[in-house]
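Written below as structure tokens is the structure these notes are about.
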Amino acid sequence: MASMRLTQVLRREQVRTDTPGGRRAALAEVIAHSQYQKSQRISIFLSMQDEIETDEIIKDIFRRGKTCFIPRYRFQSNHMDMVRLASPEEIALLPKTSWNIHQPGEDEAREEALSTGGLDLIFMPGLGFDKQGNRLGRGRGYYDAYLRRCEQHQQAKPYTMALAFKEQICDQVPVDEHDMKVDEVLYEDTP
């Protein structure tokens, strides 16, 4: 119950930074990061309105010739696959989910990351994060379940990087035994 209250407070208090300077600074930090530089197979979320925008990062992934994967959620469960995105322009053509985000249809045949070599880097969204790497998601456990599958199917665990606003960094977020930590949280300062 405390987790639900904290989730609601974080949702109400999140501030979206839409300044071009803030977006450029966040992009520069990501693309200069050593884990991003050395990664070839990258999964990234398609941002919702209350999340760091990922459009420019996705474009950079393609500019550098890396392979880009995006989440495809199964809403009747906590199952999620990371499926290949053909181009940044393809995003606008994908159907929207009940969460108002684009994703490939469940019946659409797509290359799935764990079936074709796994991932090097996973960018993760969330509502709140602490400095110990704990992450408060939206309560369905999609990323936690997916990271456990990565551990079973890949020789090396993919590096996990959360993208957040400064306001999303907390002293402590509630966790349980099923929650997986992120390796690093990059956060954007608001002006």
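FYI, the numbering for the sequence shown is 873 to 1063, going by the working numbering. Here a beta-carbon is modelled for each residue, glycine too, at the ideal position from N, C-alpha and C.
query, result
"Cβ-Cβ separation, residue 989 to residue 913 (assumed contact under 8 Å), whole Å", "6 Å"
"Residue 1007 classed as buried or exposed, judged by whether at least 16 other C-beta atoms fall within 10 angstroms", "buried"
"Length of the line joining the Cα atoms of residue 915 and residue 1041", "22 Å"
"Nonlocal neighbours in the same chain, by C-beta distance under 8 Å from residue 986, ignoring five residues either side", "953, 954, 1021, 1022, 1025 and 1026"
"Distance between residue 1038 and residue 1060 (C-alpha atoms, nearest Å)", "6 Å"
"C-beta contact flag for residue 1028 and residue 924 at 8 Å", "no"
"Sufficient close CB pairs (3 or more, under 8 Å) joining the region 990 to 1004 to the region 958 to 976", "no"
"Counted within 10 angstroms of its Cβ, other Cβ atoms place residue 831 as buried (16 or more) or exposed", "This structure leaves residue 831 out entirely; the chain is present only between 873 and 1063."
"Residue environment, residue 967, which counts as buried when at least 16 other CB atoms sit within 10 Å", "exposed"
"Rounded straight-line distance, which links the Cα of residue 1009 to that of residue 997", "7 Å"
"Alpha carbon of residue 1050 to alpha carbon of residue 946, nearest angstrom", "19 Å"
"Extent of the continuous alpha helix (DSSP H) to which residue 934 belongs", "927 to 935"
"Straight-line Cα distance separating residue 899 from residue 970", "28 Å"
"Rounded C-alpha distance that separates residue 963 from residue 978", "15 Å"
"Supposed contact pair residue 1052 and residue 907 - C-beta distance, whole angstroms, cut 8 Å", "Their Cβ separation, rounded to whole angstroms, is 17 Å, which puts residue 907 and residue 1052 out of contact at 8 Å."
"Sequence-distant residues of its chain with Cβ nearer than 6 Å to residue 873 (five each side left out)", "Low per-residue confidence applies at residue 873: pLDDT is 37, beneath 50, and the placement is therefore not dependable, though the value from the model is reported in the following sentence. Around residue 873: no qualifying Cβ."
"Proximity below 8 Å, CB of residue 920 to CB of residue 994", "no"
"Opposing strand residues paired with residue 996 [DSSP bridges]", "1034"
"Alpha carbon of residue 1017 to alpha carbon of residue 933, nearest angstrom", "25 Å"
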